[in-house]
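In my numbering, the protein residues as written are 411 to 579. Written out below as structure tokens is the structure these notes cover.
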Ligand code: NI
């Protein structure tokens, strides 16, 4: 495993629509291992392949529910993920992004989503997510379509403290 360099704007890979993965071989396994290590080292709660300069539809998410501190964070690695259902109800939340350091924004998104995709070994996966997990999946899947949180934000600002800056991916 290796920590890869996180690309930031204005790198155009962040604005490209990433291609679907068709093979689940060693190259993909290495990419996923490296993305997990890179996400943990950052640290972040999610990472999309374009953020390490690879224009492929792969995301990793690792999120610990703050209300369930005794339960270890759950790690997801999803290939070709798609949002197949969204709740009507939307929620506003503060997001940041490792590819846009020094910026935060309030983004309104559906409060719950259904995500379909494939595991790293090519098995079909369906995930129902709500709360922060739903937000993280939407943020990461946006990256695969070249969409960044600032495109959706009602308000964007520069955090004044390092503490405030330590939000999200
Ligand atoms: Ni991001």
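All C-beta atoms in this analysis are idealised placements derived from N, C-alpha and C, irrespective of residue type, glycine included. In this text the structure is predicted, and so the values were computed from the model without any measurement.
Next on the checklist: According to DSSP, residue 505 sits in a beta bridge with which residue or residues?
Outcome noted: The residue given as residue 505 occupies position 95 in the chain shown. As computed with DSSP, residue 505 is found in a beta bridge with 515.
Next on the checklist: I need the boundaries of the beta strand (DSSP E) containing residue 469, first residue and last residue.
Outcome noted: For the purposes of this step, residue 469 is taken as the residue at position 59 of the chain shown. Annotation for residue 469: the continuous beta strand (DSSP E) segment containing it runs 468-473.
Checklist entry - Unbroken beta strand (DSSP E) runs of length 3 or more, entirely within the region 419-474: which are they? => result Counting whole runs of 3 or more residues, the region 419-474 contains the beta strand (DSSP E) stretches 456-458, 468-473.
Checklist entry - Could you give the uninterrupted runs of the beta strand (DSSP E) lying entirely in the region 516-563, keeping only those of 3 residues or more? => result DSSP runs (the beta strand (DSSP E)) wholly in the region 516-563: 522-528, 534-540.
Next on the checklist: Does the beta-carbon of residue 472, which I'm using as the reference point, lie nearer than 8 Å to any heavy atom of ligand 1?
Outcome noted: By one-based count along the chain shown, residue 472 stands at place 62. Not so, every heavy atom of ligand 1 lies at least 8 Å from the Cβ.
Item to check | Beta-carbon proximity check, residue 469 vs residue 551, cutoff 9 Å | outcome: To locate residue 469, count along the chain shown from 1; it is residue 59. To locate residue 551, count along the chain shown from 1; it is residue 141. Cβ atoms of residue 469 and residue 551: closer than 9 Å.
Checklist entry - What do you reckon, are the CB atoms on residue 461 and residue 517 nearer than 9 Å? => result Translated into the one-based positions of the chain shown, residue 461 becomes position 51. Translated into the one-based positions of the chain shown, residue 517 becomes position 107. No; because the gap between Cβ atoms is not below 9 Å, this pair is not in contact.
Checklist entry - Just checking, does the region 421-429 make contact with the region 443-451 on the three C-beta pairs under 8 Å criterion? => result The region 421-429 makes no contact with the region 443-451, as fewer than three CB pairs between them are under 8 Å.
Next on the checklist: Given this structure, state the Cα-to-Cα distance separating residue 566 from residue 515, to the nearest angstrom.
Outcome noted: As a working note, residue 566 is residue 156 in the chain shown. As a working note, residue 515 is residue 105 in the chain shown. Approximately 4 Å between the Cα atoms of the pair.
Item to check | Endpoints, the beta strand (DSSP E) within which residue 412 is located | outcome: If you number the chain shown from 1, residue 412 lands on position 2. No beta strand (DSSP E) holds residue 412; DSSP gives it neither H nor E.
Checklist entry - Quick check: the region 476-484 against the region 517-528, are there 3 or more CB pairs under 8 Å? => result Touching, no, given that fewer than three Cβ pairs across the two stretches are closer than 8 Å.
Next on the checklist: Once the 5 residues before and after residue 568 are set aside, which same chain residues still bring their CB inside 7 Å of it?
Outcome noted: As a working mapping, residue 568 is identified with position 158 in the chain shown. The beta carbon of residue 568 lies closer than 7 Å to those of 512, 513 in the same chain, with the five residues before and after it left out.
Checklist entry - Are the beta-carbon atoms belonging to residue 496 and residue 522 less than 9 Å from one another? => result Along the chain shown, read from residue 1 onward, the residue named residue 496 stands at position 86. Along the chain shown, read from residue 1 onward, the residue named residue 522 stands at position 112. Yes, these two residues count as a Cβ contact at 9 Å.
Next on the checklist: ligand 1 and residue 509: does the residue's C-beta get closer than 8 Å to at least one heavy atom of that ligand?
Outcome noted: Residue 509 sits at position 99 when you count from the first residue of the chain shown. Answer for residue 509: yes, Cβ within range of ligand 1.
Checklist entry - Ends of the beta strand (DSSP E) at residue 491? => result Along the chain shown, read from residue 1 onward, the residue named residue 491 stands at position 81. For residue 491, the enclosing beta strand (DSSP E) has its first and last residue at 484-496.
Next on the checklist: Could you check whether residue 488 and residue 472 sit closer than 9 Å to each other, using their CB atoms as the reference points?
Outcome noted: As a first step, residue 472 is located in the chain shown; it is residue number 62 there, counting from the start. As a first step, residue 488 is located in the chain shown; it is residue number 78 there, counting from the start. No.
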